[in-house]
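A short worksheet on the structure shown next.
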Amino acid sequence: MCDFRIIEPNSEEGHKYTVQCVLTINIYNEQIFSVLYMWMNFVLAVTVYNFLSWLIFLLVPRLRYSFFAQRINTQHSVATVRTSMRVFIYDYLQHDGFFILRLIHSNVGDDITTTLLTNLWRNFQRSDKFTTADNLLGATVSLTATGNRGVNMRNDGQNGSLFDYSKSSTNL
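Position 133 of the sequence shown, counting from 1, maps to 504 under my numbering, and the rest follow consecutively.
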């Protein structure tokens with residue numbers, strides 16, 4: 372309890388008051404906000420760590436390559452398909468594909484990500500074989516002014532899309 376005196380003008384004695392110094396609710400509020408402060412600092416630290424790890428994975432090419440190489444099921448060893456895998460990772464999927472697949476991996480799990488990556492890898496190999504076969508027959512790859520779509524100009528005069536998705540199917 373706190374005692375204090377209020378002296379009024381033209382009064383020698385004043386009024387004496389006795390009140391409680393600290394409200395009990397303030398003690399509880401202090402404890403609650405101390406816990407909330409520590410929790411917010413913990414969440415901030417975890418968020419900064421998570422952001423930096425995503426940024427490092429996105430910017431360091433070797434980490435992207437190892438992420439994909441561990442999850443792609445190939446019939447051949449990774450060493451035999453290293454160059455086509457590099458083209459697949461750095462040119463075909465690029466940064467946005469890696470970002471989406473890493474989100475899928477963190478939210479759904481390793482099994483779905485492995486299945487999805489394996490199907491993407493098979494589609495890439497099929498399209499790469501078709502493109503290589505067409506280019507060996509004298510095809511030229513050009514970019515059209517509308518939409519920048521890749522088009523194969525075959526010897527028989529037919530135009531075909533470089534990425535014809537009707538020929539491939541993914542089992543998702």
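All C-beta atoms in this analysis are idealised placements derived from N, C-alpha and C, irrespective of residue type, glycine included. What you are looking at is a predicted structure, and each value in this text was computed from that prediction instead of being measured.
Sheet register partners of residue i (DSSP bridge)
{"i": "Cys373", "result": "Val390"}
Where the alpha helix (DSSP H) through residue i begins and ends
{"i": "Asp467", "result": "Gln465 to Asn478"}
Buried or exposed (CB count within 10 angstroms, at least 16 for buried), residue i
{"i": "Trp410", "result": "exposed"}
{"i": "Ile460", "result": "buried"}
{"i": "Pro380", "result": "exposed"}
Cβ separation of residue i and residue j, assumed to be a contact under 8 Å, to the nearest whole Å
{"i": "Asp374", "j": "Thr389", "result": "5 Å"}
{"i": "His476", "j": "Thr484", "result": "4 Å"}
{"i": "Leu488", "j": "Phe439", "result": "6 Å"}
{"i": "His386", "j": "Ile398", "result": "At roughly 28 Å, the Cβ-Cβ gap does not stay under 8 Å, so His386 and Ile398 are not in contact."}
{"i": "Arg493", "j": "Phe469", "result": "So it is not a contact: roughly 18 Å between Cβ atoms."}
* To do: Quick one: which unbroken beta strand (DSSP E) runs of 3-plus residues sit fully inside the stretch 383-442? Chain order, please.
  => 386-390
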